[in-house]
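Only one structure is covered here, and it is reproduced in the block below.
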Amino acid sequence: MWNISLVFIIVVVSCLCGCSCRLNKFYDYEVAKIERNGYLLTATLNGRFKSKKNITVKGSPYKIIISVQDKGKMFNGIEVSGVRIFSQKDNHLAYENIESVKSDFSLDSDGSLRARVFIDGVELGHHNYLLKFNLKIKSNNLLNEENFNLPMKKKYHEYKSNDLVDKILSA
Numbered sequence: 018m019w020n021i022s023l024v025f026i027i028v029v030v031s032c033l034c035g036c037s038c039r040l041n042k043f044y045d046y047e048v049a050k051i052e053r054n055g056y057l058l059t060a061t062l063n064g065r066f067k068s069k070k071n072i073t074v075k076g077s078p079y080k081i082i083i084s085v086q087d088k089g090k091m092f093n094g095i096e097v098s099g100v101r102i103f104s105q106k107d108n109h110l111a112y113e114n115i116e117s118v119k120s121d122f123s124l125d126s127d128g129s130l131r132a133r134v135f136i137d138g139v140e141l142g143h144h145n146y147l148l149k150f151n152l153k154i155k156s157n158n159l160l161n162e163e164n165f166n167l168p169m170k171k172k173y174h175e176y177k178s179n180d181l182v183d184k185i186l187s188a
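Residue numbers (the working numbering): 18 to 188.
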């Protein structure tokens, strides 16, 4: 366990010696969740990291991630179509993808099946949005189709870090 005074001394000395202090800015979104018909549906906008001299920013372009997890109900696949993102402020259409996107599958640690759809390269400002899409869930030769409207609520987090201290503490 690192002594707090030792870490403080390392930070002060490294700043005086010119070691870089980094500003980290995260323009993120909360995960929207809905449980329906034995499935857990989640959606979020996940930003990309970009670094410049002493600043790291996570933000646009975003990746839309829509995930369906079985809650005791098995399914064969999901398909998402008609993806639209509207500004909650003025209902302006900010993004649209009318093409159909099929899922990738994975098995979670608790044994439940999860299907995910990824749509990459979505250029958006950091605002509150409404994500609208059509979801088809295929299970046992049945097709369940439903339209969803999920709020994408923005969140912001910022902190400063010191590269030297990060390297020492990670060792």
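No residue lacks a Cβ here, since even glycine has one placed at the ideal position from N, Cα and C. All values derive from a computational prediction rather than experimental measurement.
For residue 45, the pairing in a beta bridge is given by DSSP as 172. Looking at the backbone, the Cα of residue 145 and that of residue 156 are separated by about 33 Å. For residue 121, the enclosing beta strand (DSSP E) covers residues 121-124. Just measuring C-alpha positions, the residue of 80, 124, 53, 120 sitting nearest residue 139 is 80.
Taking C-beta atoms as the reference points, residue 132 and residue 117 fail to come closer than 9 Å.
In summary, residue 167 is buried, with 16 or more beta-carbon neighbours lying within 10 Å of its beta-carbon over all protein chains present. With a threshold of 16 other beta carbon atoms within 10 Å, residue 91 falls short and is exposed.
In the DSSP assignment, residue 115 falls outside any beta strand (DSSP E) and carries neither an H nor an E. Sixteen is the threshold: since fewer than 16 other Cβ atoms of the shown chains lie within 10 Å of the Cβ of residue 126, the residue is exposed.
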